[in-house]
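Here the structure is laid out as structure tokens; the discussion comes afterwards.
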Amino acid sequence: MHEALEQQQISVAKAGIVTKFKTETSVLAAANPKYSRFDPYQPFIEQVDLPASLISRFDLFFMIKDVLDKTKDTEIAGHILKSHRVGEMIADKKNKGNAKKSKEMKELEELVTPKIDSDTLKKYISYARQRISPVMSESSMKSLSEYYVSLREQGRKEGAYSATHRQLEGLIRLSEASARIRLSNEVTIGDTERAIRLLRTSLQDLVTDPETGKIDIDIITSGQTHTMLSNMKKVLAFIKEKALETDMVPLEEVLENGKAMGMDSEKVRELLDRLDKSGDIYRPKHGFIRPTSARSKDR
Numbered sequence: 022m023h024e025a026l027e028q029q030q031i032s033v034a035k036a037g038i039v040t041k042f043k044t045e046t047s048v049l050a051a052a053n054p055k056y057s058r059f060d061p062y063q064p065f066i067e068q069v070d071l072p073a074s075l076i077s078r079f080d081l082f083f084m085i086k087d088v089l090d091k092t093k094d095t096e097i098a099g100h101i102l103k104s105h106r107v108g109e110m111i112a113d114k115k116n117k118g119n120a121k122k123s124k125e126m127k128e129l130e131e132l133v134t135p136k137i138d139s140d141t142l143k144k145y146i147s148y149a150r151q152r153i154s155p156v157m158s159e160s161s162m163k164s165l166s167e168y169y170v171s172l173r174e175q176g177r178k179e180g181a182y183s184a185t186h187r188q189l190e191g192l193i194r195l196s197e198a199s200a201r202i203r204l205s206n207e208v209t210i211g212d213t214e215r216a217i218r219l220l221r222t223s224l225q226d227l228v229t230d231p232e233t234g235k236i237d238i239d240i241i242t243s244g245q246t247h248t249m250l251s252n253m254k255k256v257l258a259f260i261k262e263k264a265l266e267t268d269m270v271p272l273e274e275v276l277e278n279g280k281a282m283g284m285d286s287e288k289v290r291e292l293l294d295r296l297d298k299s300g301d302i303y304r305p306k307h308g309f310i311r312p313t314s315a316r317s318k319d320r
């Protein structure tokens, strides 16, 4: 999936055959959160059992949240109930052999029937993809360039967003798709603005650091927030420094140091678990920690 999504091709080397297959297609993926519902206080990447390296290759991400909203819930319930009522009325008419539709049935059918039927929509999309090849105008190129540079600059100043070429390439694809759906052969500023709006909404929804409230692309590139990576480095630095003085670093000292840096014991323990999992530290015995570099020196 990684190569197919990024390079638009798949390399195969089997049974003495070495070749490449084109995979120029769109990918729409869906996944459920680990605990059925998304937790707004936890990073998105921790709630989906997919590697960050794969997630980062998608252009857009959207979380479907079950938000309590009386007005919206009433509208959804009404639509579902009306759809069922139409189906029940049609079945009843067939059973009675009466093909005539009542006024109520016609009104309900009109409410629940899509404005564009599926066959027409499929033909429209197929035509747009096969016949329309939009070209970017000078103004649209300038618009995307300025937005991309501003994202990079934001990351430099805040240290919380590190936009990469993948985001720029995604913006280009979205802009072209916007022009194509209009059956236009030119990508205009309106198309780039739509692409930027989609990307911004997607990032705000999925890669916002719960601790800082800032957009943090590290969440999908490394699987961890910039804040968490920074705190892990601080904790590891303290452990390495203490390991120079003593054979093993007591867990209590690490927790106390974390508290002095504004982190509670639960947060420090979480960071230690991550450092342990990444192989930066190990636990020689209960209640003590050593950095793996110290183990290497012993050998």
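Numbering (my numbering), first residue to last: 22 to 320. Every residue gets a Cβ at the ideal spot worked out from N, C-alpha and C, and that includes glycine.
- Shown here for Gly279: same chain residues with a beta carbon closer than 6 angstroms to its own, the five before and five after excluded, namely Val289 in chain order.
- Each of Leu250, Val156, Val107 was checked against the Cα of Leu132, and the nearest Cα belongs to Val107.
- Excluding five sequence positions before and after Pro305, the CB atoms of its chain that fall closer than 8 angstroms to its own CB belong to Met269, Arg311, given in chain order.
- Per DSSP, reduced to three states, the secondary structure at Gln30 is strand.
- Under the DSSP definition of a beta bridge, Val208 partners with Met157.
- Taken through DSSP and simplified to helix, strand or coil, Arg201 comes out as helix.
- Straight across, the Cα-Cα distance linking Gln28 with Thr44 is about 8 angstroms.
- Taking 8 angstroms as the upper bound for CB-CB distance, Ala264 and Arg201 are not in contact here, some 58 angstroms apart.
- Per DSSP, Thr248 is one residue of the alpha helix (DSSP H) stretching across 247-264.
- In the three-state scheme derived from DSSP, where H, G and I count as helix and E and B as strand, Phe59 is classed as coil.
- Ile302 sits buried, since 16 or more C-beta atoms from the chains shown fall within 10 Å of its C-beta.
- Burial state of Asn252 is buried, judged by a 10 Å Cβ sphere holding 16 or more other Cβ atoms.
- Annotation for Arg150: the continuous alpha helix (DSSP H) segment containing it runs 139-152.
- A direct Cα-Cα distance of roughly 37 angstroms separates Pro72 from Ile137.
- Boundaries of the alpha helix (DSSP H) around Thr95: 91-117.
- In this structure, DSSP gives Arg187 a helical state, which the three-state scheme calls helix.
- Counting other Cβ atoms within 10 Å of its Cβ, Thr222 stays below 16 and is therefore classed as exposed.
- Beta-bridge annotation (DSSP): Phe309 is paired with Pro271.
- If you draw a straight line from the Cα of Ser77 to the Cα of Leu49, it is about 14 angstroms long.
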